[in-house]
Amino acid sequence: MTDNEILSLLCEAEREGAALMQEAHDILAERKTDRRDVVTEYDRRVQELLIRRLSEAVPDARFFCEENDRHDDLHAEHVFIIDPIDGTMNFVHGLHHSCISAAYMRRGELRAAAIRNPYVNELFTAVKGAGAFLNGRPIRVTDAPLSETLVCCGTTPYDPKLADRCFGLMKKAFLAGLDVRREGAAALDLCTAAAGRAGVFFELGLSLWDYAAGKLIVEEAGGICRTLEGGALPLDPTRPSVVAGGRQAVEELLRLAKEK
Ligand code: IPD
Ligand code: CA
Numbered sequence: 006m007t008d009n010e011i012l013s014l015l016c017e018a019e020r021e022g023a024a025l026m027q028e029a030h031d032i033l034a035e036r037k038t039d040r041r042d043v044v045t046e047y048d049r050r051v052q053e054l055l056i057r058r059l060s061e062a063v064p065d066a067r068f069f070c071e072e073n074d075r076h077d078d079l080h081a082e083h084v085f086i087i088d089p090i091d092g093t094m095n096f097v098h099g100l101h102h103s104c105i106s107a108a109y110m111r112r113g114e115l116r117a118a119a120i121r122n123p124y125v126n127e128l129f130t131a132v133k134g135a136g137a138f139l140n141g142r143p144i145r146v147t148d149a150p151l152s153e154t155l156v157c158c159g160t161t162p163y164d165p166k167l168a169d170r171c172f173g174l175m176k177k178a179f180l181a182g183l184d185v186r187r188e189g190a191a192a193l194d195l196c197t198a199a200a201g202r203a204g205v206f207f208e209l210g211l212s213l214w215d216y217a218a219g220k221l222i223v224e225e226a227g228g229i230c231r232t233l234e235g236g237a238l239p240l241d242p243t244r245p246s247v248v249a250g251g252r253q254a255v256e257e258l259l260r261l262a263k264e265k
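Residue numbers for the sequence shown follow the numbering used here, so the first one is 6 and each next one is one higher.
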């Protein structure tokens, strides 16, 4: 299968998953590790649906997914990295800002990605080397400096011991930028940066399923992704910090992060 065929598969599976999200009612949150880390039957159902659809088309596919500890070998020939509902807390509380995020990795390299927000009918896509798109139209990061852009960020809610550092950097970003935004779905935050709606996104710790698809979309939109230490963003389960967006705003944010 070509990367473009895989992308079509991702989009089609996400279209079915999005219908499940939109039909959701009586959403009950179950705790995973603590009160901020929750899952619903819809997270599980969307994940099962995607795994079923993708396995039917790619029988030797491996999966690295948020729910049910489905963490196969990331170096396999065909790996799908899935966050069935990113922004679960928004989903549970009726804030219509959540998405399905899926990336395809071949032998360790990201090749295709699709992130779908069913509530505003936005589908962000990318194929390696072929650009990034929103509903089929090309998107690009902004080249603007921090002083002329919004800064999008996440609060690493499952790791509250990072709160001082996180809110410290948010304050610096607020003072240097136009304003800060915390919208509650990291995969969509990365798309926000990819589309130039914000100059940069940062969060102090994310799981691979939160950022894999968004990483390819940002890079194909002409942007860069780094850790807060300035290194390459790894495609592994280490929960790195993530900074992504236009080069100038990312570099400014990395400088702010270093300042005492
Ligand atoms: C979370 C969201 C949130 C971010 C967290 C993620 P989930 O993902 O992306 O914005 O701050 O770090 O874990 O749990 O809703 O899939
Ligand atoms: Ca997530």
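All C-beta atoms, glycine included, are put in the ideal place defined by N, C-alpha and C.
Remember, it's a predicted structure, so these values are computed and weren't measured experimentally.
Practice prompt. State whether the segment 129-139 contacts the segment 151-167, with contact taken as three or more CB pairs (one from each stretch) at a distance under 8 Å.
Written response: No, because fewer than three Cβ pairs between the segment 129-139 and the segment 151-167 fall closer than 8 Å, the two stretches do not touch.
inquiry  = Does the distance between the C-beta of residue 119 and the nearest non-hydrogen atom of ligand 2 fall short of 7 Å?
reply    = In the sequence shown, the residue the question calls residue 119 occupies position 114. Outside the cutoff, so no.
Heavy atom of ligand 2 within 7 Å of residue 65 beta-carbon: Residue mapping note: residue 65 aligns to position 60 of the sequence shown, counting from 1. No, Cβ of residue 65 sits at least 7 Å from all heavy atoms of ligand 2.
Exercise for the section: Could you spell out where the beta strand (DSSP E) holding residue 156 opens and where it closes? Expected result: Your numbering for residue 156 matches position 151 in the sequence shown. 155-158 is the span of the beta strand (DSSP E), which, as asked, contains residue 156.
* Cα separation between residue 209 and residue 196? -> Walking along the sequence shown from the start, residue 209 turns up at place 204. Walking along the sequence shown from the start, residue 196 turns up at place 191. Cα to Cα, residue 209 sits roughly 18 Å from residue 196.
*Figure out for me which residue from 247, 101 and 133 has the closest Cα to the Cα of residue 191.*
Sequence index remark: in the sequence shown, residue 191 carries index 186 (1-based). Residue 191 has its Cα closest to that of 247, out of 247, 101 and 133.
| said: For residue 7 and residue 133, I'd like the C-alpha separation in whole angstroms. | reply: Walking along the sequence shown from the start, residue 7 turns up at place 2. Walking along the sequence shown from the start, residue 133 turns up at place 128. Straight-line Cα distance between these residues: approximately 11 Å.
Q | 8 Å Cβ shell around residue 97 - same chain, five flanking residues per side excluded | A | Within the sequence shown, numbered from 1, the residue matching residue 97 stands at position 92. The answer, listed in chain order, is 32, 34, 43 and 45.
Report task. Starting from the Cα of residue 107, find the closest Cα among 242, 114, 255 and 89 and give me that residue. Result -> Within the sequence shown, numbered from 1, the residue matching residue 107 stands at position 102. Nearest of 242, 114, 255 and 89 to residue 107, Cα basis: 89.
So the candidates are 256, 227 and 202; which of them puts its Cα closest to the Cα of residue 236?
Reading the sequence shown from its first residue, position 231 is the one you call residue 236. Minimum Cα distance to residue 236 is reached at 256.
Item to check | Span of the beta strand (DSSP E), counted from its first residue to its last, around residue 6 | outcome: As a first step, residue 6 is located in the sequence shown; it is residue number 1 there, counting from the start. That residue, residue 6, is in no beta strand (DSSP E); it is neither H nor E in DSSP.
* For residue 86, which of 226, 118 and 26 has the nearest alpha-carbon? -> In the sequence shown, the residue the question calls residue 86 occupies position 81. Distances from the alpha-carbon of residue 86 to those of 226, 118 and 26 put 118 closest.
| request: Could you tell me the distance, in whole angstroms, from the CA atom of residue 157 to the CA atom of residue 200? | output: Residue 157 sits at position 152 when you count from the first residue of the sequence shown. Residue 200 sits at position 195 when you count from the first residue of the sequence shown. Each residue's alpha carbon lies about 12 Å from the other.
Could you tell me if the beta carbon of residue 191 falls within a distance shorter than 7 Å of some heavy atom in ligand 2? Here residue 191 is taken as the residue at index 186 of the sequence shown, counted from 1. Yes, ligand 2 has a heavy atom inside 7 Å of this Cβ.
* residue 148 versus 166, 202 and 177, residue with shortest Cα-Cα distance -> Translated into positions along the sequence shown, residue 148 becomes position 143. Ranking 166, 202 and 177 by Cα distance to residue 148 puts 202 first.
As an exercise, report each continuous alpha helix (DSSP H) stretch of at least 4 residues that is fully enclosed by the segment 63-115, in chain order. The segment 63-115 contains these whole alpha helix (DSSP H) runs: 93-97.
With a cut-off of 8 Å, do at least 3 Cβ pairs link the segment 181-189 to the segment 120-135? No, because fewer than three Cβ pairs between the segment 181-189 and the segment 120-135 fall closer than 8 Å, the two stretches do not touch.
Let me make sure I understand the geometry here. Which of 241, 264, 249 and 265 has the alpha-carbon closest to that of residue 113? Locating residue 113 in the sequence shown gives position 108, where the first residue counts as 1. The closest CA to that of residue 113, considering only 241, 264, 249 and 265, is found on 241.
Examine ligand 3 and report whether any of its heavy atoms sits within less than 7 Å of the Cβ of residue 109. Among the ligands present in this structure, namely ligand 1 and ligand 2, ligand 3 is not found.
Alpha-carbon to alpha-carbon, residue 159 and residue 18: By one-based count along the sequence shown, residue 18 stands at place 13. By one-based count along the sequence shown, residue 159 stands at place 154. Rounded to whole angstroms, residue 18 to residue 159 spans 27 Å at the Cα level.
(message) Whole angstroms are fine: how far does the CA of residue 238 sit from the CA of residue 10?
(response) Counting from one through the sequence shown, the residue named residue 10 turns up at place 5. Counting from one through the sequence shown, the residue named residue 238 turns up at place 233. Straight-line Cα distance between these residues: approximately 27 Å.
Backbone CA spacing between residue 189 and residue 40 [nearest angstrom]:
Residue 189 sits at position 184 when you count from the first residue of the sequence shown. Residue 40 sits at position 35 when you count from the first residue of the sequence shown. CA-CA distance, residue 189 to residue 40, rounds to 16 Å.
Determine the DSSP secondary structure at residue 232, reduced to helix, strand or coil.
Locating residue 232 in the sequence shown gives position 227, where the first residue counts as 1. Three-state DSSP puts residue 232 in coil, outside helix and strand.
Practice task
List in chain order: all unbroken alpha helix (DSSP H) runs of 4+ residues lying wholly within the segment 23-65.
Solution key: Runs of the alpha helix (DSSP H) inside the segment 23-65: 46-62.
Checklist entry - Can you tell me whether DSSP reads residue 21 as helix, strand or coil? => result One-based indexing of the sequence shown puts residue 21 at position 16. It is helical.
**Message:** On the DSSP letters alone, give me the boundaries of the alpha helix (DSSP H) that residue 257 sits inside.
**Reply:** Counted from its first residue, the sequence shown places residue 257 at position 252. Here the alpha helix (DSSP H) through residue 257 covers 252-263.
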